[in-house]
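Take a look at the structure below.
Number of protein chains: 2
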Amino acid sequence: MKKILCPGFKAAGIACGLKKNGEKDLGLIFSTVPANVAGVFTKNRVQGAHILLDRERIKSGLCRAVVVNSGNANCCTGKQGINDAKNMAMLCASELGISEELVLAASTGVIGEPLPIEKIKKASPGLVKALADEGFDDFAKAIMTTDTVPKIVSIQRDIKGKIFTITGIAKGAGMICPNMATMLCFICTDIKASPQFLQKTLNDATKQSFNRITIDGDMSTNDTVIIMANGASEAVVQSSTKNNSFQKALNEVMITLAKKLIKDGEGATKLVEIVVKGALSDTDAYKIADTVANSNLVKTAFFGEDANWGRIVAAAGRADVPVNPDKIDIFFDDIMMVKNGLGCGKAAEAASTKVLKKPEFAVLIDLHQGKGFSSVFTCDFSIDYVKINADYRS
Amino acid sequence: MKKILCPGFKAAGIACGLKKNGEKDLGLIFSTVPANVAGVFTKNRVQGAHILLDRERIKSGLCRAVVVNSGNANCCTGKQGINDAKNMAMLCASELGISEELVLAASTGVIGEPLPIEKIKKASPGLVKALADEGFDDFAKAIMTTDTVPKIVSIQRDIKGKIFTITGIAKGAGMICPNMATMLCFICTDIKASPQFLQKTLNDATKQSFNRITIDGDMSTNDTVIIMANGASEAVVQSSTKNNSFQKALNEVMITLAKKLIKDGEGATKLVEIVVKGALSDTDAYKIADTVANSNLVKTAFFGEDANWGRIVAAAGRADVPVNPDKIDIFFDDIMMVKNGLGCGKAAEAASTKVLKKPEFAVLIDLHQGKGFSSVFTCDFSIDYVKINADYRS
Chain A
1 MKKILCPGFK AAGIACGLKK NGEKDLGLIF STVPANVAGV FTKNRVQGAH
51 ILLDRERIKS GLCRAVVVNS GNANCCTGKQ GINDAKNMAM LCASELGISE
101 ELVLAASTGV IGEPLPIEKI KKASPGLVKA LADEGFDDFA KAIMTTDTVP
151 KIVSIQRDIK GKIFTITGIA KGAGMICPNM ATMLCFICTD IKASPQFLQK
201 TLNDATKQSF NRITIDGDMS TNDTVIIMAN GASEAVVQSS TKNNSFQKAL
251 NEVMITLAKK LIKDGEGATK LVEIVVKGAL SDTDAYKIAD TVANSNLVKT
301 AFFGEDANWG RIVAAAGRAD VPVNPDKIDI FFDDIMMVKN GLGCGKAAEA
351 ASTKVLKKPE FAVLIDLHQG KGFSSVFTCD FSIDYVKINA DYRS
Chain B
1001 MKKILCPGFK AAGIACGLKK NGEKDLGLIF STVPANVAGV FTKNRVQGAH
1051 ILLDRERIKS GLCRAVVVNS GNANCCTGKQ GINDAKNMAM LCASELGISE
1101 ELVLAASTGV IGEPLPIEKI KKASPGLVKA LADEGFDDFA KAIMTTDTVP
1151 KIVSIQRDIK GKIFTITGIA KGAGMICPNM ATMLCFICTD IKASPQFLQK
1201 TLNDATKQSF NRITIDGDMS TNDTVIIMAN GASEAVVQSS TKNNSFQKAL
1251 NEVMITLAKK LIKDGEGATK LVEIVVKGAL SDTDAYKIAD TVANSNLVKT
1301 AFFGEDANWG RIVAAAGRAD VPVNPDKIDI FFDDIMMVKN GLGCGKAAEA
1351 ASTKVLKKPE FAVLIDLHQG KGFSSVFTCD FSIDYVKINA DYRS
């Protein structure tokens, strides 16, 4: 397999003892040249300590490094937690020989336990020494919690003939729901772009990707998406750029990462896109798609490979937007299962059941009321989800 | 065990072949004298056929009988469904020799399959013949779906020295969430009360009971609560009545039934009350209690008997109401686990874990922001919930 790279960036991932099983739990991304930065953070009213730090620091628009630990969320840890987040960044800055203001931090893991900062302190020199051009795979492993696979995407595109690279790394498998979740995502790119432009592009890409996925309807305290653009390539993008292939490329990277999160969702065995069309507005369509995508009854039926369309209609009916049950059509992929609110019979059901046996499929709900459209990605809800989450801390 | 009765009422429950396993699936309650009636129905935009019929018929304020089937929800069944609901009522009316306008219907079970009305037709004479003063137990069995136990409560209280009886029967184990669910509840009482007064009393009792419980956050299409008051006792209640012991008694019956639903929730092993105090308003307190009570991560932690208070704080933080994380206290029963947003340490955790091993306990979240108070009943989220709902139709 080709090694994942991003020009002008180095990365590392090592084990410092935060994870009980001795696996990698401390990661670092470093831009060898100054980079512009933008970020998107959780809307939860309870927020991890690093969020407060990062929100403040990205205001400068500049960043050289991000240090990330797994195994502990450093959330609900009071003033000590904020000091720990600062220290974590400071330790790396000092090893790297850069200003601590240029280092961001992020944490993911159990909430409510103090961050073992001594372990991080001891490991910081080794972490910086481990930095390498091809260190992204190690970094991706170091930020995993209940994830079963690392999640990296790297693509090259061009703008006005100038090649640029976007390399994205994400983690998150539970507490995933619209408006992100226990999700961390770090995007490195060698394009040249202003912090303001990066922020706008990142906001749009987030709307298209991480805000359209749900695993369990729980929104995390630590959700963070950071993009760093170091201009190491000759590609430049700005608000006057026509045919903004950078936005398209960033959407592509982040949608791919979002789908990887769902596929690796806790206990998930299926990736399902819930598509709603014909609503009175896009907002109405989103509310219905979101309600269906979060319904435990719908998701357990997916797990059971049961074309129980009644649960889909019932979920659509409680989304608190106008729905005319007698006009609803429902398709599983291209199989029409419901027409004008009525089931299409045994043959349709048999064909739909076949669709449900696939690892990926789409459910289309056509309301025939207007032009509103939206879609949300979700997964099935399995016995393993409960097992994983009942035992998480033990 | 004492037989359940309600003066002036007869009930029955028989098997007519709707349930594959041959168990009771058709029930009837009959008031031997004219009764006043009131009802509360689902707010889902998709509604079972019987809801349309019953809403219309209770406008008269009068009712003599309710016929109920399980095994089929008669929902998403179009015009045929409405005809079937009418026929179901008409068949009983004709056997009972009363006007069909005085008979209500209710259905519960799988959505989207036509009601096998022929089976009900064939069974109706036998159903009416089976009516008996002590038939409530059979009725309670006949309306069960995934319920594992019948749910009946009967109490006697007095108003101005005159004894009255309230007998309530409910069913529902999944699709249970605030604003009711796949829940049916029938209340018989021999008190004398106007339909308007019954409606007001029923609305208040519903707010105190079925609108404060959640099993899986899914709201059903068929939720129905019907109260019939036949005045067979000498007790009378009206809006001018002081010390309305009827409201208290009705609250008691409905709260007891609501808790029975939770205890028998699909896969549930624990009944948990989520209490929120110190919010800026009662509405804010309710939103937080509701969000925590519906969090899959919180509920799986209850199942795992894990005092994972971080998930509770995280859920509280996404309820979209003002929360100051640094002020939050959390108790498991009388054990303080969190003070000012910080965990109280290993001893508190050990004591909390003991509380979580109990079949019933309370979680108190004190926000220290104001006087808002609310509480919601929920259950844990177990492996069996997924098993039950993945296989429901197979």
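For the record, the sequence lines run as chains A and B.
This note's numbering numbers the first residue of the first sequence as 1 and each following residue consecutively.
This note's numbering numbers the first residue of the second sequence as 1001 and each following residue consecutively.
Quick reminder that beta carbons are idealized off the backbone N, C-alpha and C, glycines included.
query                                                                                                                                                                                          : result
At which residues does the alpha helix (DSSP H) containing B/Met1090 begin and terminate?                                                                                                      : Gly1078 to Leu1096
Starting from the C-beta of A/Phe9, find all residues in its chain whose C-beta is less than 6 Å away, skip the five residues before and the five after it, and write them out in chain order. : Ser31 and Cys188
In three-state DSSP terms, what is A/Pro178?                                                                                                                                                   : In this prediction, A/Pro178 scores a pLDDT of 39, lower than 50, which makes its location untrustworthy; the coordinate-derived value is nonetheless stated afterwards. DSSP places A/Pro178 in coil when its eight states are reduced to three.
Using three-state DSSP, classify B/Ile1262 as helix, strand or coil.                                                                                                                           : helix
Can you tell me the Cα-Cα spacing of B/Phe1332 and B/Val1149, whole angstroms?                                                                                                                 : 28 Å
Measure from the C-beta of B/Phe1210 to each C-beta in chain A and report whether the shortest distance is under 7 Å.                                                                          : no
Please name the residue, chosen from B/Ala1315, B/Ser1239 and B/Tyr1385, that lies closest to A/Val46 on a Cα-to-Cα basis.                                                                     : B/Ala1315
Assign A/Ala232 to one of two classes, buried (16 or more other C-beta atoms within 10 Å of its C-beta) or exposed (fewer than that).                                                          : buried
Which one of B/Met1337, B/Ser1295 and B/Lys1299 has the shortest CA to CA distance from B/Gly1317?                                                                                             : B/Ser1295
Going by beta carbon distance, what residues of the same chain come within less than 6 Å of A/Gly372, once the five residues before and after it are set aside?                                : Ala279, Leu280, Ser281, Asp282, Asp284 and Ala285
Using 8 Å as the Cβ pair cut-off and three pairs as the minimum, do the segment 380 to 388 of chain A and the segment 1089 to 1101 of chain B touch?                                           : no
Just checking: is the beta-carbon of B/Phe1303 within a distance shorter than 7 Å of some beta-carbon in chain A?                                                                              : yes
Are the C-beta of B/Ala985 and some C-beta of chain A separated by less than 7 Å?                                                                                                              : Residue 985 of chain B lies beyond the range of chain B shown here (1001 to 1394); nothing can be said about it.
Find the nearest neighbour of B/His1368 within the set B/Ala1351, B/Ile1328 and B/Thr1378, judged by alpha-carbon distance.                                                                    : B/Ile1328
Should the segment 1143 to 1163 of chain B be called in touch with the segment 1045 to 1059 of chain B, which here means at least 3 C-beta pairs below 8 Å?                                    : no
When we look at the beta-carbon of A/Ile27 and count the other beta-carbons within 10 Å, is it buried (16 or more) or exposed?                                                                 : Looking at the sequence provided, one finds Gly at residue 27 of chain A rather than Ile. Looking at its Cβ environment, which holds 16 or more other Cβ atoms inside 10 Å, A/Gly27 is buried.
Going by other Cβ atoms of all chains shown within 10 Å of its Cβ, with 16 needed for buried, is B/Gly1350 buried or exposed?                                                                  : The amino acid occupying residue 1350 of chain B in the given sequence is Ala; Gly does not appear at that position. When all chains shown are included, B/Ala1350 counts as exposed.
Report the residue ranges of all beta strand (DSSP E) runs contained in full by the segment 1220 to 1260 of chain B; include only those spanning at least 3 residues, in chain order.          : 1224 to 1229
List in chain order: all unbroken alpha helix (DSSP H) runs of 4+ residues lying wholly within the segment 117 to 185 of chain A.                                                              : 117 to 129 and 136 to 142
Taking Cβ positions, are B/Gln1199 and B/Ala1035 nearer each other than 7 Å?                                                                                                                   : no
Mark A/Ala347 as exposed unless 16 or more other C-beta atoms lie within 10 angstroms of its C-beta, in which case mark it buried.                                                             : exposed
Just reading off the beta strand (DSSP E) that A/Leu62 is part of, what are its end residues?                                                                                                  : Leu62 to Ser70
Give me the residue from A/Thr201, A/Ile383, A/Phe186 and A/Ala235 with the minimum Cα distance to A/Thr398.                                                                                   : It is not possible to answer for residue 398 of chain A, since the shown part of chain A is limited to 1 through 394.
Distance, Cα to Cα, B/Ile1014 vs B/Ala1065?                                                                                                                                                    : 16 Å
Let me confirm a value: B/Asn1211 is counted as buried when at least 16 other C-beta atoms fall within 10 Å, else exposed. Which label applies?                                                : buried
Report the rounded CA-to-CA distance for A/Lys121 versus A/Lys270, giving the unit in angstroms.                                                                                               : 41 Å
Using a 10 Å radius around the Cβ and a threshold of 16 neighbouring Cβ atoms, would you call A/Gly345 buried or exposed?                                                                      : exposed
Under 7 Å, Cβ to Cβ, is there at least one residue of chain A near B/Thr1378?                                                                                                                  : no
Over what stretch of residues does the beta strand (DSSP E) that includes B/Lys1277 continue unbroken?                                                                                         : Leu1271 to Ala1279
By the criterion of Cβ-Cβ separation under 7 Å, what are the contact partners of A/Asn44 in chain B?                                                                                           : Ala1314, Gly1317 and Arg1318
Quick check on A/Glu273: buried or exposed, where buried means 16 or more other Cβ atoms within 10 Å of its Cβ?                                                                                : buried
Report yes or no: is there a C-beta of chain A within less than 7 Å of the C-beta of B/Gly1078?                                                                                                : yes
Does any residue of chain A have a CB that is nearer than 7 Å to the CB of B/Pro1195?                                                                                                          : no
If you draw a straight line from the C-alpha of B/Asn1083 to the C-alpha of B/Ser1352, how long is it?                                                                                         : 55 Å
Please list the residues of the segment 229 to 242 of chain A that have a C-beta atom closer than 9 Å to any C-beta atom in chain B, keeping them in chain order.                              : none
Can you grab the Cα-Cα spacing for the pair A/Glu118 / A/Ala73, in whole Å?                                                                                                                    : 16 Å
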